[in-house]
Every structure is written in structure tokens, then in C-alpha cells.
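Worksheet: the structure to be examined is printed underneath.
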Amino acid sequence: MRILIAEDDFYSRKLMLAYLSVAGECDVAANGQEAWDAYLDAHDEGKPYDLICLDIMMPEMDGQEVLGKIREDEDRRQLGRYARAKILMVTALDEMKVIMSSFHSLCDGYVMKPLEKESLFAKIREIGVR
Amino acid sequence: MAGATKVLVIDDEPLLRATFKNFFEDYGYVVLEASNGAEGVELCLRELPDLVFTDLRMPVLDGFGVIQQLKETLPETPLVVISGQGTLTDAIAAVRLGAWDYVAKPVLNMDELSIVVARLLERARLLAENRRYREHLEQLVAERTQQLAEVATNYKIIADHTYSWEFWLDPQGSFVYSSPSCERITGYGAGEFMADPQLLLKIIYPEDLRLFTDHQHGSLTEHAAGRLEFRITAKDGTTRWLHHNCRPVFDDNGTFLGTRGSNRDITELKTAEDAHRASEQRLAAIFDFLPDATWVIDATGTVIAWNKACKELTGIPADAMVGKGNYQYAVPFYGTQRPMLIDLALNPAAHLVEPYLEGYLNFSIDSGSLMAESSTPLLAKGRYLWWKSTRLYDRAGQVAGAIESVRDVTELRLAKEAAVTANRAKSAFLATMSHELRTPLNAIIGFTDLIHSRGCGEISADQAEYLGYVLESARHLLALINDILDLSKIEAGKMEIQPTVVNIRSLFKNSLLIVSERAKKHSITTTEEIDPHLPETMYADEIKIKQILYNLLSNAVKFTPNGGFVSLAAHLVKPTGLSTGQTCHGLPDVDALLLSVKDSGIGIKQSDLKRIFDPFEQGDNSTTRSHEGTGLGLSLTKMLVELHGGKIWAESNGIDQGSSFHVIVPLQMPSCDRQPKEPQPCES
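If you read the sequences in order, they're chains A and B.
With numbering that gives the first Met the number 0, the residue at position 120 of the first sequence is 119, and numbering never jumps.
With numbering that gives the first Met the number 0, the residue at position 585 of the second sequence is 584, and numbering never jumps.
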């Protein structure tokens, strides 16, 4: 399984990596632009990501924008339901409202900081990542 | 003279009598005869003849006696003496006595006699006529005299009973007449004024004397009419105000007769006037004292008052503005004569003024007063003004004018804006800080959790315990940060209520579920009770209601010792007959949900029941350390309840007696979109 972790904070990125490296092959992106590039590269390599964790507040391009672009791109590629990446939004409490309102339908789920192992993996299982 | 003319002939000579008789009877006269004086007088008094002839020398009573007697009794009867030849002296004496004429004996020329008779009769007639005329005149004079006396009496009554002090001064200025009413006014009688021409000057106030003498001089030398008011000291020492009014009087020939006039006692009027003036002065002082620039217009739009603050604001003094109309008062504010708020107050025909209202903000009407704000007047560029105007009525309830006040609220406005900006900056700062604080905390909690849960190899029991402490402290810090963020959001007015249709029963179940694990750990029994009358759903912000419930329940569990109980109850509260009415006044008049969380915990001191809702307060500060929590939970809860238009209060019987918290929130959020939205999934 290929996992992309997009997180601008170094330690949070490290943490995600520590949590998720047991679950698969992890790549990291320090901002939205990197995440978007990584997503495209993975498709070019023919090995797209199975799980993408997007932090919402990121420089260059924020998580919501990346989410929108990925879904748009997947639509263009006419990917089926199971071929699409599972996207988990990583939010702080005060960003909940944004998620709930506009990007609710585009993502598969969201986890709230601070991340704890148990709740993270419960959510990953819930959204159907094997 | 009715009937035939009667002629009496008194003579002792029958022949002469016969001669006269013959002669006069030829003229148609009646002739009476007497042979002596006494007989003649008697006959004369009885028959009243028109003409008497008498001889002088007769027995019994001679001619002179006849003349004397008849002169007294019948003076108008012509008496002619018949005198003998050579007795002219007698005849003259008789005429002196009162005889009208004489004829000499022998009477030979009868024609001459007839002329004499005709002349005498004519004379008698004239004499009688003259007498009657005189009598008539005398009667007329008597009547006139009586009339005049009556008129004079009336005038005297009028003059003596005038209310004002009526007077007439001669050309030298002395009293010709002074009505007795002067005594009522001055205490001095009319006689005193008549006797002492200087008396009036003596009692006039020294300050007013010059005024009076100037006037008096004018009226006496130039015959000018005039009026003036002056003060006198009355006999009793009191001050009286007199209104003096006089005119020169002339007779028909234009001769100056002095001045006529009256002095009216106007002391009461003056006193009232003084009181009125004092009141006006007081009002003017009050008006000038007002810190707000204020002016008043009458019903025609003319400025009638312009206070000191107006002058200070506009630089225009009151005397330059009072009396001006035609929107002159707008010039200092707008540079042009245009209607202002005061004109709208005076005449609510809005279409006249409406075009000018554009510059005003926050226009409002409160019990007849118009209020508005504006920021673009010429007078104060960049200043912010607050205007208030209202209509004024007279005692009859008619519109008498309007008043307008303007207050420079620039400082207030700037302070407000600064406060808003500062608050916004504070909120932004807090949001950023919270995020910045949370990010490293996420890493701390995450990595600690990772190691603690043996995510990177085995650790010792001690290590696990200590990492547990790190984790617990970090979580506490995080909760603190989150609560601070929430509080600052609410205080900044940024927390919005997003009402949805909420299923009350599942909300309950979920809320209890959250605390049930912890309760179980401490052997705390949890119960729930739901009023069957409650509807299935309510319309509220589900996350926030859940947060309220969670805060109350977790508090209850937290402060309840092992083996205690926590209960959650929900009741429907109708607008009338609130079961706990005394504590939840001020609620909207609608159906409401009453949530009660009871515990058997440590309780709250009576004195702390209110304080516990303040930030960083727990029931007893000494307990803070033994009970986890940020100290912000209840104040946050209170704010969330109030955001819903609800109320929260606590009850407790005291320490260790348990406590109960009650929340009452309307079942329908007031003044919000009633359209139900799909319930949204919520992760909290």
C-alpha cells in the first residue's frame, strides 16, 4: 500500500510517518504543492497512492485545494470507485466547520489533531483501507 | 289775553267815569267802574282788568295808595293816572311810584287817549310775554342745573372710585385732582398730594427719579404724552411699581390746562415678570450648560435658541443665529441652507426631507424623538456626529417648534472602532496562538502515545507510567488551549450557532455514553429520565448542545466520589407554570427544554453558586488541584447556553450534599431559519 502524508509541520509529519510506516510505503510532502506533484508522479509511475492524509492548513496550496484537484483529476482519469485514493483530512478542532460544510462529500473522512494511534487506525479501517 | 279787554276806571267823578265808559265801550272793551281807591283795588284784584285808570284825589284811598297796592299785587297791569290841570307834580310822583302813564283832566282829546291805551296794552302784553319767557328760561336753567348736578355727582363717584390713581396736574405740575385711590396704591391720601406738590417726587425711587423728572419736564414744557414705569416707596415702606401714563389737556381755545393721566399699580405684574424673567434666565443658563450643541426653532423654522455648545461647535454666537430662518442653522454644518433632522421632527412630511437624509446612518425613532448619526458634515470633516431631534408642543398641544442636539461622538466612535479592531486582533492572535501551540502539542501527544502504546518497542512499567503522566498533562494542556480558543471565539462574537433538527433522545444516549466508561471505572451509577411530553426533536446546534451536556456530565462524574450517582433528566417546560420559576426568569416565552444533571458529589457552597460560572473558578480553589479540568468548562458551557438563548444555574445543599445543574433552552431557536437541515455527522 502506498501512503502520502501531506503535513507542513515537521514533527507532525514525523509522527504520521511513525504511525503509518507500519501500514505501508509512506511518502511525505511538506506543503500542498508537493502533495499535488507527488500525487501526479505516483500516477505517472503507475502506482497511485491508496491513502492520502491531507493536513488542511498548509502553505503553497492548502489541503482543501489539493483535495479538490485530486478528485477533479481522478474524474478526468475516469477512475472507478475503488481505484480512487482514500483521502483522510487531518484537522484541528477549529477547522471542523470548513470540512463539515464544503468538502464533506469529497473526502472519505477526517481525523482531528492531536492524532492518537488508536483513533487514527480506527478511522483508516472505517474508510475501507486494507 | 282771552275775551274782551277789561278796563277799570277809578274816579270819584261819575261824569268822567261815564265819559270813559262811553269811549271804551265803542272799542268793544268792558268797562268796570269804582268810585274810590279802596273799591278800585278790591275790584281790580277780583276782576284782573287789563288796564286801570285811577284818579289821584279820591276819598277813602287816594290814587297813590291804589298805585302802591296794585304795584305790589299786579305789577304787570298797566296803571294810568288821571291828573287834574296844574297838578303835574302829582302826576310825576305817581309815575315814580309805579304808574305807567298819566292823562290830564279834562280828558278832551279822546284820540290821544286811545293811542296811549293801545301803547300801554301793547307794553303790558310784551311785559307779560317777557315774564313768561323769563319764567320758561328759569325753569330750563333749573332743570339744566339739576342735570349738571347729577352728572357731577356721577363723575365724582367715578373719579373717587377709580381703581387706578387718576390725576390732573395744572401747568405748573401741581395736583388739580387726585383720585382717592392713590391712598390704596401709595398709602398717602389725595389731600396729602394736593397739599404737597413735592410728595410724589419724595417717594419715587432715587434710581427712577431722573427718569420721572425727565418725563415730567417733557410733559409740562413740550406738552408731550408719555408713559413710563417707576418704583415708589409706599407709606408702609413696601416697594410698589407704578405704570404712569399721561396726556396733555387743552381747552377749546387751545390753552394748556396741564396733564391728565393715571398711575396703575403693576407691582404684581412686575413681580410675575421678574419671576418669569428669572425662570427664563435659569432656563437659559441650563440650556447654555448643556454639553451638547442644542438649538430650538419655532413652528416657522426660525431659530429661537442657540446654546453655548452650539457656538463652541460652530463658532457662530447665539445673537448671530437667533431670529434666522430658512434653514440658516444648517449652514455651519453643511455649508448650505438645507433641511436637517430638526425639520423632519417639525414636519414629518418625509418626502421633503428624505433626499437630505442620505448622509445619516443608524436613523431611528424612539418615542417621538428622531436620532441619527452622520460622518460627513462640512463643519467637522472626519468628525463623527450624533444627532437627536424632537418636536416641541405648546400648552394647547399644538406644534410649537422643534429642538435638535448634536454630539461629537468621534472619540467614542474611534474608541469603539479601536476596541473592535483590538478585539479582532486579539481573536486573530488567539486563533494563531492556539494553532501554533497545538501543533507542537500534537507531536508531543502523538509521539508519547506512540511510545506509550509500545509502537516502537517494549518499555518498562515505570517508563509506561511516566509517559502516561506526560500524556495526561499534554492532554490537559490541549484541553486548556481548546477551551481558551472557544471562549475567545464566543467573546469575539465569532461563535455561530448552526441549528439543525436534533433528536433529543439519541443526543442523550450519546452524551451519557461518553461519560459512562469513566463512571463505570469509579462505580458511579448513571440514570436518565426523559419527560414523555418532550417532542422527538428540537431545533438547535447539535454540537454545542452536546458540548453543554458533555461538560455537565463529565463535571458531575469528575466531582462524584466512587460509588455515587449521576442522573440526567430532561423535562418539557411550558411558558407558564415553570416548576422552578424563581430561578429561570428572563427566558423567551416559548416551549423549552429543561436539562438537569444531578450528582451525589462534593457539592458547592451556597456562596460559590454564582462564581463557578466565571472563568478559572472551581467550587473551591483548594479542590482545583485534586480535580482535573481547565476551569473554563462551566463558563464555556454558560456561554454556549446563552448563545442558544437559554439559562444555566446550579443548586446545591452545600459541601458533600451533591449538586445539580439546570439548563433551560428553547426547543426552537429564536429568530433563526426554521428550515430543518439534514443532521450532520459529528465527530467530537
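From the three backbone atoms N, C-alpha and C, an ideal C-beta is built for every residue, glycine too.
All values reported here derive from a predicted model rather than from experimental measurement.
With C-beta atoms as the reference, is Tyr-359(B) less than 9 Å away from Leu-340(B)? Yes.
Using a Cβ-Cβ cut-off of 9 Å, state whether Lys-116(A) counts as contacting chain B. So, interface residue.
Contact with chain B by Ile-4(A), beta-carbon distance below 9 Å: In terms of beta-carbon proximity, Ile-4(A) stays away from the interface with chain B, with every pair separated by 9 Å or more.
Please determine, among Ala-473(B), Gly-324(B), Asp-291(B), Gly-172(B), the residue with the shortest C-alpha to C-alpha distance to Gly-300(B). Comparing Cα positions, the closest option is Gly-324(B).
Could you list the residues in the stretch 633-653 of chain B with a C-beta less than 7 Å from some C-beta on chain A, going in chain order? Answer set for the stretch 633-653 of chain B: empty.
Could you tell me which of Asp-235(B), Asn-252(B), His-434(B), Val-295(B) sits nearest to Lys-387(B), measuring between CA atoms? With distances taken between Cα atoms, Lys-387(B) lies closest to Val-295(B).
Taking Cβ to Cβ, would you say Ile-303(B) is nearer than 9 Å to Gly-334(B)? Contact annotation: Ile-303(B) and Gly-334(B) have beta-carbon atoms that are not nearer than 9 Å.
Taking a contact to mean a Cβ-Cβ separation below 9 Å, would you say Gly-600(B) touches Phe-660(B) in this structure? Their beta carbons are not under 9 Å apart, which means Gly-600(B) does not touch Phe-660(B) by this criterion.
Partner residues on chain B for Pro-134(A), Cβ-Cβ distance less than 9 Å: The shown model of chain A, from 0 to 129, leaves out residue 134(A), and the question about it has no answer.
Just the C-alpha distance for Ile-611(B) and Leu-631(B), rounded to the nearest angstrom, thanks. Looking at the two C-alpha atoms, the distance is approximately 10 Å.
Need the endpoints of the beta strand (DSSP E) that Thr-499(B) sits in, please. Note, Thr-499(B): beta strand (DSSP E), 499-502.
For Ala-103(B): DSSP bridge partner residues: Answer is Ser-82(B).
Of the choices Asp-54(B), Val-102(B), Leu-120(B), whose alpha-carbon is the least far from that of Thr-76(B)? Nearest C-alpha to Thr-76(B): Leu-120(B).
Please report whether the beta-carbon of Leu-14(A) lies at a distance below 9 Å from any beta-carbon of chain B. Chain B, which has a Cβ nearer than 9 Å to the Cβ of Leu-14(A), makes this yes.
Per-residue DSSP class, three states only, for Arg-76(A): DSSP places Arg-76(A) in the coil class of the three-state scheme, outside both helix and strand.
Completely contained beta strand (DSSP E) runs for the stretch 509-571 of chain B, where each covers 3 or more residues: For the stretch 509-571 of chain B, the full-length beta strand (DSSP E) segments reaching 3 residues or more read 524-529, 536-539 along the chain.
Note down, in chain order, each residue of its chain lying with its Cβ closer than 6 Å to the Cβ of Asp-10(B), except the 5 sequence neighbours on either side. Scanning its chain for C-beta atoms nearer than 6 Å, with the 5 sequence neighbours on each side dropped, one finds around Asp-10(B) the residues Arg-16, Asp-54, in chain order.
Would you verify that the beta carbon of Asp-40(A) is, or is not, closer than 9 Å to some beta carbon of chain B? Answer no: the Cβ-Cβ gap between Asp-40(A) and chain B never drops below 9 Å.
Rounded C-alpha distance that separates Thr-579(B) from Lys-573(B): Caution applies to Thr-579(B), whose pLDDT of 44 falls short of 50 and renders its modelled position unreliable; the model cannot decide the point.
Any idea what DSSP makes of Arg-337(B), helix, strand or coil? Reduced to three states, the DSSP call for Arg-337(B) is coil.
If you draw a straight line from the C-alpha of Trp-164(B) to the C-alpha of Val-248(B), how long is it? Roughly 17 Å separates the two Cα atoms.
Below-9 Å beta-carbon distance, Asp-8(A) vs any chain B residue: Interface flag for Asp-8(A) against chain B is set, since a Cβ pair is found closer than 9 Å.
Between Gly-454(B) and chain A, is there a C-beta pair that is closer than 9 Å? Residue-level contact check: Gly-454(B) touches chain A, since one or more beta carbons of chain A fall below 9 Å from its beta carbon.
Residue of Gly-27(B), Trp-385(B), His-242(B) minimising C-alpha distance to Leu-210(B): Closest in alpha carbon position to Leu-210(B), among Gly-27(B), Trp-385(B), His-242(B), is His-242(B).
Please identify the residue among Ser-487(B), Asp-407(B), Leu-411(B) whose C-alpha is closest to the C-alpha of Val-428(B). Position check: residue 428(B) holds Phe in this sequence, whereas Val was assumed. Among Ser-487(B), Asp-407(B), Leu-411(B), the Cα nearest to that of Phe-428(B) is on Ser-487(B).
At a CB distance below 7 Å, what residues from the stretch 512-534 of chain B approach chain A? Give them in sequence order. Across the stretch 512-534 of chain B, no CB contact with chain A closer than 7 Å is found for any residue.
Could you tell me which residues DSSP puts in a beta bridge with Phe-660(B)? According to DSSP, which records beta bridges pairwise, Phe-660(B) is partnered with Val-596(B), Ala-649(B).
Any idea what DSSP makes of Cys-106(A), helix, strand or coil? Cys-106(A) falls in the coil class under three-state DSSP.
Let me know the secondary structure DSSP gives Met-111(A) once reduced to three states. Correct three-state label for Met-111(A): strand.
Going by CA-CA distance only, name the one from Ala-127(B), Met-109(B), Phe-362(B), Val-40(B) that's closest to Glu-24(B). Of the candidates Ala-127(B), Met-109(B), Phe-362(B), Val-40(B), Met-109(B) places its Cα closest to the Cα of Glu-24(B).
What number of angstroms, rounded off, separates the C-alpha of Arg-131(B) from the C-alpha of Tyr-101(B)? Between Arg-131(B) and Tyr-101(B), the alpha-carbon positions lie close to 27 Å from each other.
Have a look at Asp-195(B), Val-640(B), Ile-231(B), Ser-180(B) and flag the residue whose alpha-carbon is nearest the alpha-carbon of Pro-205(B). Taking only the C-alpha atoms, the option nearest Pro-205(B) is Ile-231(B).
Taking beta-carbon pairs under 7 Å, can you tell me which members of the stretch 14-33 of chain A lie near chain B? Contacts with chain B (Cβ-Cβ distance below 7 Å) from the stretch 14-33 of chain A involve Leu-14, Ala-17, Tyr-18, listed in chain order.
Pick out whichever of Arg-259(B), Thr-438(B), Ser-178(B), Leu-282(B) has its Cα sitting closest to the Cα of Thr-161(B). Checked all of Arg-259(B), Thr-438(B), Ser-178(B), Leu-282(B); the closest Cα to Thr-161(B) is Ser-178(B).
Looking at chain B, is there any beta carbon in it that lies within less than 9 Å of the beta carbon of Met-57(A)? For Met-57(A), the answer is no, since every Cβ of chain B falls outside 9 Å of its Cβ.
Measure the C-alpha to C-alpha separation of Lys-116(A) and Arg-474(B) and round it to an integer number of angstroms. Straight-line Cα distance between these residues: approximately 14 Å.
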